[in-house]
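Novice: Got a structure for you, questions after.
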Amino acid sequence: MKFTKQQAEQEHQKAAKKFSKEDLNQILKKDDELKTKFKNNKNLLHYWEDFKLLFSLIRDYSKGIYTQIPWLSIVSIGAALAYILSPIDAIPDFIPVVGLIDDAAVFAFCLRLLSKDIEDYKNWKDNRS
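Read in order, the letters of the sequence shown correspond to residues 0 to 128 in numbering that gives the first Met the number 0.
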């Protein structure tokens with residue numbers, strides 16, 4: 000079963016439309032659950048370093064430490080992570096082998112969409128050290 004870039008974009012947009020600041024707070028509380036999902040799935044494990052960077056970005060944003068990013072970019076990251084947390088999505092996670100392919104595709108779409116914002120944050124973070 001293949002999950003196309005267009006499907007990833009559609010699923011990402013659906014999740015982003017209903018994303019709020021409260022949703023962001025809920026995602027920040029689920030860091031252990033997200034870490035487990037990324038570490039236990041080979042499709043997501045490929046994005047482990049990206050996940051850590053994006054989670055750090057939204058945490059810094061929520062604390063007011065890093066605010067040089069548009070809210071819509073935060074929504075995009077949050078929506079992608081919320082999608083990964085949801086067991087019922089385009090390809091339900093309980094389906095063996097293919098259940099998490101869509102999660103990885105949605106996360107990859109988010110990375111492509113926000114590449115400039117992510118690079119800016121990485122540079123900011125590196126310069127603070």
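We put the beta carbon where it would ideally sit given N, CA and C, even for glycine.
Exposed or buried, which one is Lys36 when buried takes at least 16 other CB atoms within 10 Å?
Specialist: buried
Novice: What is the rounded straight-line gap between the Cα of Ile68 and the Cα of Leu53?
Specialist: When rounded, the distance between both Cα atoms is 12 Å.
Novice: Between Asp116 and Ile26, what straight-line distance do the alpha-carbon atoms span, to the nearest angstrom?
Specialist: 20 Å
Novice: Measure the C-alpha to C-alpha separation of Cys155 and Leu44 and round it to an integer number of angstroms.
Specialist: There is simply no residue 155 to check, as the chain begins at 0 and stops at 128 in what is shown.
Novice: If you count every other CB in all the chains shown that lies within 10 Å of the CB of Asp125, and 16 or more means buried, which is it?
Specialist: exposed
Novice: If you count every other CB in all the chains shown that lies within 10 Å of the CB of Ile64, and 16 or more means buried, which is it?
Specialist: exposed
Novice: Helix, strand or coil: which one does DSSP assign to Gly77?
Specialist: helix
Novice: Once you ignore the five residues that flank Leu56 on each side, which residues in its own chain have a CB closer than 6 Å to its CB?
Specialist: Tyr120
Novice: From Lys41, Glu21, Asp101, Ser75, pick the residue whose C-alpha is nearest to that of Ser85; which is it?
Specialist: Asp101
Novice: Taking the alpha helix (DSSP H) that Tyr120 falls in, what are its first and last residues?
Specialist: 114-127
Novice: Hey, quick one: how far does the alpha helix (DSSP H) through Asn42 stretch, first residue to last?
Specialist: 41-44
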